[in-house]
Amino acid sequence: YAAADLVICRAGALTLAELALVGRPAILVPYPHAAHDHQRFNARVLVEKGAAVMVDDQELNAGDLAAVLTELYRDPDRRRRMAKAAAGLGRPQAAARIVDDCLRIVGCTDSEGAAG
3 YAAADLVICR
13 AGALTLAELA
23 LVGRPAILVP
33 YPHAAHDHQR
43 FNARVLVEKG
53 AAVMVDDQEL
63 NAGDLAAVLT
73 ELYRDPDRRR
83 RMAKAAAGLG
93 RPQAAARIVD
103 DCLRIVGCTD
113 SEGAAG
C-alpha cells in the first residue's frame, strides 16, 4: 500500500485494518457472497467515517468504476480527507496490546512471556 494514492479492494476485516493502519483512501467492493454479507457492513463503517466509497459488486462495471476513479483523482483534497479519516481508524499498537492482555490473563509478565 505504500506507493498507492488510492486502493480498490474487497472489504474483509484484515484488508480494512491494513488500509486504516497505513491511512489509505479506498474504493471498496464488498464480496457479495461473504457470510452474512459482513463485508458490506465492514465497508459501511469506513464509508460513514469518510475513509472510503463503496461500489456494489453486482453493479460494478468499467464505466462506473472509471467515473468513481476520475472523480476521486480530480479531487486531491477529498483523497487527503479520506486518508486522514482512514488513519484515524487505525490502531498501530493493537497486536502488542492483545499480547499484553493475553499475558496478563495467564499471569505472565512481559519478560516471562518473551523468555519462555
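Residues 3 to 118 in this note's numbering are what the sequence shown lists, from first letter to last. Beta carbons are placed, not taken as given, at the ideal position from N, Cα and C, and that holds for glycine. For clarity, every value in this text was computed on a predicted model and none was experimentally measured.
- Assigned with DSSP and collapsed to three states, A54 falls in strand.
- The DSSP-derived three-state label of A28 is strand.
- For C104, the three-state secondary structure derived from DSSP is helix.
- Take V57, set aside five residues on each side of it, and the residues of its chain with a beta-carbon closer than 8 Å to its own are I29, L30, V31, D66, L67, V70, in chain order.
- The Cβ atoms of A87 and G52 lie closer than 7 Å to each other.
- The segment 34-88 contains, as complete beta strand (DSSP E) runs of 3+ residues, the segments 54-56 (chain order).
- Under the three-pair Cβ rule at 8 Å, the segment 92-108 does not count as touching the segment 39-55.
- P34 and L62 have their C-alpha atoms spaced approximately 12 Å apart.
- Counting every other CB atom within 10 Å of its CB across the protein chains shown gives R82 a total below 16, marking it as exposed.
- G25 places its beta carbon less than 7 Å from that of A85.
- Counting along the chain, C11 sits inside the beta strand (DSSP E) bounded by residues 9-11.
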